[in-house]
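Single-structure report; data block below.
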Amino acid sequence: MIDAGTYVPQPMIIRHLIFLSFHGRLFSKYDLQLRELFTMTQWLKPGTRLACRLAQTACISALLAAALSGCNEDKTPAAGSTFDVPAVKTVVTTDLPKEEQPVKGSVTPVAGTESEKLPQTGGGLAIPLPTKAGRFTEVAPDTGGGATFSSTPAYLYDLGNIVVKSGGRNLASSRDDSTFIERVSGWVRYPREAISLLAPKRRYPIIIFQHGMGEFQSYKGYDYLAEELATHGYVVISVDGDYNNALGDPAGNSRGQLILGTLDLLRQIDKNGQIDANGRPGAFDLLQGKLDFTRIGIMGHSRGGQGISNAIKYNQTRAGSDQDDLKGALIKYSEILKGIAPDDLKYGMTEPISMYFGWHFNQDEPKIGALILKRNYPDLFDAVIPAVEFASAVKATLDPDVDLEKGTLGGISTEPVEVTPAVEPIPASIDDAKFDAAVAKYNLSYAAVRETELPYEFKGAFMLAPTDFSGNLGINNVPLVNLLPSCDGDMSNLQGAVAYDHNRFALKTDTAPRYQIFVEGANHDFYNRQWGDDGSGKYCDLTRKDSVRLSRPNQERNGLFIINSFMRYHVGEEQKFAAYWNGTAQLPEAACEEGNKTCDERTMLTVQKSDYRRKLIQRFAQVDSLKSNQLGGANAFSGFDADGLVRCDMSLGGGVTSVCSSTQLPEFRYAGSGGRGFLSVADHAELSWSKPDATITTDLSGISTKGMDSLTFRIAVVWPMGQEVKVTLTDSSGKTATVTASDYSDALYNTPALKAVSGPKKDDPSKDIPMTDRTDDALWAKSVPQLMNMVAIPLKAFEGVDTNNLKELKLVFPKESGKVAITDIELQNLGREKPSQKLAKQ
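Just remember that the numbering used here sits 180 ahead of the position in the sequence shown, which is counted from 1.
Encoded structure:
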């Protein structure tokens, strides 16, 4: 800081101004010229550098003089700065259609969210490993290093309200859907200024986070992810779904509509800007013309995961609402409110709107929707004109003994006389003038209906410990990952495994990969800083000796890498993360527990490539799959128990019961809630044996591995804690090569553990895991979740075999007894020869 009145030599001033310019903080109109002048002289020959330096100084002085001549007392920033606050002005919009106006709303900085430390500009690079025949080709780069921007603080935004529809409790029908109103609010972070010459000069990719059924204001809980992404050039929105939580909406329809509705408003901001209630530009206005709608990533946690699956589906053909839906809901809700008990009405008008609010009313969606609308949007109810009920004509019968004229007995008539006419019923209706005024007051928009909005280009979808109440079928043309925490105490049945299995194989025209990540020791809640600590039985108890559980800081370290590297690879097309998402890179130290250099035993990554990057050998989907493979070759099974060979179909929809070729052994039945047992639903073979060396042999019919680099299969160890597989390839000339699967995967042992690298167990693998369960681990063999995870073996590991003409694949189980489920035996291109693919979507 240079104090006023202090004499400072001119060269120092010039150096200081140049420094600021190089860091993007001053003279945005001139900084490019300054940087170019500075850079040019770095490459001159020593003998000519002095003369050019003098010329450079003169040029810089002229540029600085021009810049300084623009300084004035009103402190108006120079035009063209990346994120300078624009000059205050009133925007007149009354003559334009709403969709052509700036978006109205408030955007305010959140106290205490300014970054406490400078972004890490160094690091963030992969570390090559010496051999491509080993398990890994490199150590993945950490996501914190290589930052190119500083981040804004978190901003609390409120862009009005959106009318959406829930999916009701009957997930197969729309008859019980409810219309209600969601706030379009949450937190946003975005790049503030470039701090590196490597900062990309492009529009900013967009990342949307959606929380699930959790604590009040759960949208705040992902700010540690958002801040890091913003320092790498991403705009990150964390949407507020508290009203969703109150309503429930197990199908996640309204959550999907909220994501798309938020993007609709962002698209309008990118085109027309954003203003506050006084017509002045707000913080979102700085993003006008800077958002990249060709690169969008979405992440949903828990029920938010179901929401992103619906956002993908509705992206092509919207399922929204209109003013007639809202008018109908207001009339319906007016009647519902009449029947709510006074104590419940008081609760509904005063308690925070969160999941607890919904639980109080037993997730009665119509009642909850009525209370939320009455509480927050009372002027809408003022527009309801109550119904007029039917009333019979009122008639009087004259007493024949009364003379009305004379007041004496002796009536003049015995017929009834009509006194009051009948009233015909009039249904409730809406006062359009009051309705329109309320819509304007509450800044209401509607979730778009079909054929009214262009689809968005989702480049990545991350389902974080998601719910799957309806099967989540048909998530197509988007790279998709399901993260499953082994100690999930909320979604203990790991419903995301169902979503992965249902979507792992897509149409041939769909080039997007699918991923399943199983994180040992992670729980449901620690990925969100607003949430507590869900438990999942004694095995995951943090207090027990040698607990597998990750602490909150360590789980955040792991989640920060996995979530942000996925977004940066698939959405931002940052190729340095390609190897990890191809399954060929080791986790970086920054993703491991504090003090640990490596931790790959914590994270099982399963990769399913698209049709043109795989050759499927067997997935056990066909009725005759036990007899023949996908190539038409014969299968043979030897050494298995008489009842130990079963083929099961994949269950569809929200159900989890498979149809099998014969009776399942009890250990293979879907474990359900509690998370203790087998939880995958993909078509598969179930194998059981009681003596060593049970064997699967499949005829490869001379298949060529051209274009492929890995042999992969998925396996779940169902009993005991670990199993080994000896994998043998034989070519058409009879040459064979055998590798040990556990040398290339941690999926064969059901708790995080490492094989010995020296000593007796290294010398005698039969005494080491997975051939021998550790004593303490054996106690928990029936207490762990079991999923079919991927084993990937590089083809180069099968030395001496002609992989362009393969005759046979053999899988041998050397342990004395066991039970496993197996599927998806295939050849894949995991990019081992060229880890950085040209297109992230591959």
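Glycine included, C-beta positions come from ideal geometry on N, C-alpha and C.
Just so it is clear, the structure is predicted and the values come from calculations on it, not from any experiment.
In three-state DSSP terms, what is residue i?
i     : result
Y924  : coil
P558  : helix
G1011 : coil
L506  : helix
T530  : helix
Y536  : helix
M479  : strand
Y384  : strand
H391  : coil
I655  : coil
F746  : helix
E362  : strand
H704  : coil
T474  : strand
I375  : coil
F817  : strand
A801  : coil
Q710  : coil
N458  : coil
D544  : coil
T691  : coil
Closest to residue i by C-alpha separation, out of the options, would be which residue?
i     : options                   : result
R460  : Y636, L880 and G285       : G285
D721  : G669, P733, E753 and E736 : G669
G453  : D616, T931, A327 and K278 : K278
Y719  : D821, G712, G701 and Q735 : G701
T952  : V907, G902 and S489       : G902
P371  : K451, F464, R447 and V419 : F464
N1009 : D889, R447, D505 and N542 : D889
T411  : K297, T317, P900 and F329 : F329
E280  : Q448, A379 and E318       : Q448
L378  : P310, P430, L309 and G304 : G304
V751  : W761, G640, F817 and A814 : G640
S997  : L309, T931, A958 and D873 : D873
P532  : Y513, L427, G519 and I895 : L427
P546  : D982, Y527, G436 and I511 : I511
G717  : K962, I552 and Y423       : K962
Pull up the distance between the alpha-carbon of residue i and that of residue j, whole angstroms please.
i     : j    : result
N662  : G676 : 6 Å
I478  : R369 : 15 Å
G1011 : A306 : 15 Å
L212  : V416 : Here L212 scores only 38 on pLDDT, less than 50, and its place in the model is too uncertain to base an answer on.
N623  : L785 : 44 Å
G654  : M830 : 15 Å
S666  : Y557 : 42 Å
K493  : G508 : 26 Å
P940  : Y384 : 55 Å
V898  : K999 : 5 Å
E774  : V787 : 27 Å
Q397  : L445 : 21 Å
D616  : A563 : 9 Å
N708  : G401 : 4 Å
F893  : Y680 : 15 Å
D1004 : E373 : 47 Å
T588  : L560 : Residue confidence is low: T588 scores 48 on pLDDT, short of 50, so the model does not pin down where it sits. Its coordinate-derived value is still stated next. The straight-line gap from Cα to Cα measures roughly 59 Å.
K789  : E362 : 37 Å
P299  : E408 : 8 Å
By DSSP's criteria, residue i is part of a beta bridge. Which residues make up the other side?
i    : result
M784 : F698
Y626 : V343
Q840 : Just to set this straight, residue 840 is Cys in the shown sequence, not Gln. Answer is C828, bridged to C840.
D911 : L986
H412 : H412 pairs with nothing; no bridge assigned.
W761 : DSSP, once it has assigned bridges, lists no residue as partnering W761.
R894 : M970 and T1003
P308 : E318
W869 : G998
W367 : L336 and S418
K284 : I455
### Query
Would you call the region 723-735 and the region 689-696 in contact, with 3 or more CB pairs under 8 Å?
no
### Query
Okay, do the region 873-884 and the region 978-989 touch, 3+ Cβ pairs below 8 Å being the bar?
yes
### Query
Would you call the region 287-306 and the region 321-338 in contact, with 3 or more CB pairs under 8 Å?
yes
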